[in-house]
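Under the numbering used here, the residues of the sequence shown are numbered 2 to 583, in order.
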Amino acid sequence: MPNEIQFPLRTKEHAQTRLETEDFPRQHLTLDRETPNIRLARPTDASDLEQLAQSVSLKNLNKSNHVKDGFLVSGFEAKEYSKFSRDAEHFLVLHVRGELVGFLLAYGSEKITQGEELNMHIKTTMCDKFVLIKQICISPHHKHRRKGYASILYKELYARTTHYYEHEGGLTRAIYAAIVKEPANPASLEFHTKMGFIMREMFTPQADGRPRHIYENKQPLTSLDQLTTMETKSENDPIYDYRAMMDPHCVGIGITIYSIGPPDITGNFHCNVRTIMKWRQPGIELVYPRKLDDPSARTNIDMVAHNQSDRNIVRLPRYDLNKDEVDLHQSYAYIDRKDPPDVITWQQVLRGTFLSGLRNVNEFPADVQELDLVYRMWDNDPDDRCRYFRQLHYADNTAWQLCIKRPIKAVAFTFLAPTAKIEVFETSKTSRYVLVVPVARQTKYYLRTVALPIIMITSLNIATNGFGEFEDQAGLNASLLLTTVAYLFITKDVTPETSQVTHLDIITYTALFVSWASILIRYLSLAVVWNETFWVSEKTISFGLCAFAVGIQSSLSLYLYIKHIRLIQRSEMLGEWEPLKQ
């Protein structure tokens, strides 16, 4: 086996030495929602797979397109793709922003049946153990062409198969593909040559009489290294892909939010979350061997026998989490049937209150709060400090950054699609994974229930100019002032407790000031000094003050409304792909 993927077990005796000599990824990485999402195919993908295959079928493309971009001679129906998703261990699908953009259908030679004439020819005359590429397909839409998606799929396949078959005596499996001779498919021939394949021979199956080029790649790991640039190395990629899976120091993490609540007055929030972690642990396959004919989807690991304190067999990642009062509802580990035999998957379900804080409160009620889930590797032991997080992009068959299981019921907030970043914690110098769920306050709710009534109360001060007696004028102004004060007491439970002056404070306290100033102006107007001091009447000043105040309140309310609408239109909702439309 090539030295590049030979990693020793982390033991207390050698962890410190490796930590000092190995160059673990230390940079900060931010996940982009445009990043292609590669995962194993599921039966639920079948209809989309059939539709995509038909879009690049030879019979549906004109000659210029199939010469330029390649084609499929034939496709399968949805029920056949569904069967492949259960049986083919290397069936990869690629999504971009939730849209199926490409797929690569491949499986081990053990799955080849007697009816597959071409594939049996390879198995009996060329190589008995190999990986067969049945189909490679990329969307013909112009926005998906020349993006390198096919290369990404092949790189994933190379890394996956190298790791998947590592236990077979340290030899990498060859990979084979067949390409029809007529009609010519120059795009496919050129691509496979670029991917490290060489043409071995020509074979004509009796079933359809179409001659096919048989292409072979005996060194997929060498091809993977040749295709890998500085920008695409695992150290610079936040995604837990199959190459990252080779490194036992790397821990893939995925988050599924079952339910989430709005922040309270301190910024803390309630959340029901499932955390999924994957990591490679060489040697676990000896303790829990996987039987090839086992129909179960996973090999369960005895969590009772291997307590978290027992690090000799199962090295569960040890981490800190920003939890306040959180209960652990589930915790179980297993080896997934479609993962390499030495990769452990650990799932935990946590429910309770998580610590966070209020930010940008001065922008209230157009502020955006951030609900953080922060996972930080322990620094107590070199065994933990060696580890670093990468985003498990395909967790739970749903794009990680939008996954939520239950409808959110929050009158005062709109939950936006989260972002994630992987960074190095400055204090302990350990890896930290931060999932941020932005929540935009429902500005329209506060404008409707608070700002609009306050503006109406403020405008009523203008009506006091119609009263002739001071007592009547002052009485109405005082009543409006007390009404505003009462409204402040009513709404204090729905406004954040902060020492900062918010936009809503400006609107409400402007109403208080206008009522107070109107009473004072009318009192001063009774004094003899008024006419000697001021050249305008008190009614003109009072009217101008009220009009100016209402203008400020209305302008500020309109600004907050427009700001909120623009934010929502530019954002995605938690649990949805399309931008939220108002």
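We put the beta carbon where it would ideally sit given N, CA and C, even for glycine.
Quick caveat, the model's predicted, so the values are computed rather than measured.
- When DSSP states are grouped into helix, strand and coil, Val-362 belongs to the helix group.
- Between the alpha carbons of Lys-324 and Thr-354 lies a distance of about 6 Å.
- A direct Cα-Cα distance of roughly 22 Å separates Lys-156 from Met-278.
- Contact check between the stretch 347-361 and the stretch 210-225: fewer than three CB pairs, one atom from each, fall below 8 Å, which does not count as touching.
- Taking the CA atoms as reference points, Ala-208 sits about 19 Å from Ser-58.
- Excluding sequence positions up to five before and after Phe-390, its CB lies within less than 6 Å of the CB of Val-252, Ile-254, Ile-423, Ser-432, Tyr-434, all in the same chain and listed in chain order.
- As far as DSSP is concerned, Trp-517 takes part in no beta bridge.
- Judged by their CB atoms, Pro-342 and Arg-291 are nearer to each other than the 8 Å cut-off.
- The alpha-carbon of Ile-314 is positioned some 20 Å away from that of Tyr-165.
- Counting along the chain, Cys-387 sits inside no beta strand (DSSP E), nor does DSSP assign it H or E at all.
- Put simply, the backbone Cα of Leu-41 is about 54 Å away from that of Ile-507.
- As for any alpha helix (DSSP H) of minimum length 4 sitting wholly inside the stretch 269-295, the runs are 285-288, ordered along the chain.
- Spanning the alpha carbons of Ile-137 and Glu-236 requires a straight line of approximately 27 Å.
- In the structure shown, Ile-456 falls within a helical segment according to DSSP collapsed to helix, strand and coil.
- Looking at Ala-306, Trp-280, Tyr-259, the one whose alpha-carbon comes closest to that of His-330 is Tyr-259.
- A straight line joining the alpha-carbon of Leu-505 with that of Leu-489 spans about 11 Å.
- For Leu-351, the secondary structure class from DSSP, reduced to helix, strand or coil, is strand.
- Bounds of the alpha helix (DSSP H) holding Tyr-446 are 444-447.
- The C-alpha of Ile-266 lies about 6 Å from the C-alpha of Glu-498.
- Under the DSSP assignment, Thr-126 falls in the alpha helix (DSSP H) whose first and last residues are 118-126.
- As summarised for the stretch 42-116, the continuous beta strand (DSSP E) elements at least 3 residues long and confined to that stretch are 91-97, 100-109, given in chain order.
- Three or more beta-carbon pairs drawn from the stretch 476-492 and the stretch 510-519 are found closer than 8 Å, and the two stretches are therefore classed as touching.
- One thing to note: Ala-550 has its Cβ within 8 Å of the Cβ of Thr-459.
- Nearest Cα to Tyr-446 within the set Gln-474, Thr-492, Asn-466: Thr-492.
- Under a 10 Å Cβ-count criterion, Ile-199 is classified as exposed, with fewer than 16 other Cβ atoms of the shown protein chains found around its own Cβ.
- Inclusion of Cys-272 and Arg-19 in the CB contact set at 8 Å is not warranted, their separation being larger than that value.
- Taking Trp-347 as the centre and dropping the five residues before and after it, the same chain places the C-beta of Met-278, Leu-317, Ala-334 closer than 7 Å to its C-beta, in chain order.
- Judged by DSSP secondary structure, Gln-331 falls within the beta strand (DSSP E) whose first and last residues are 324-337.
- Judged by pairs of C-beta atoms under 8 Å, the stretch 114-130 does not touch the stretch 73-84, as fewer than three such pairs exist.
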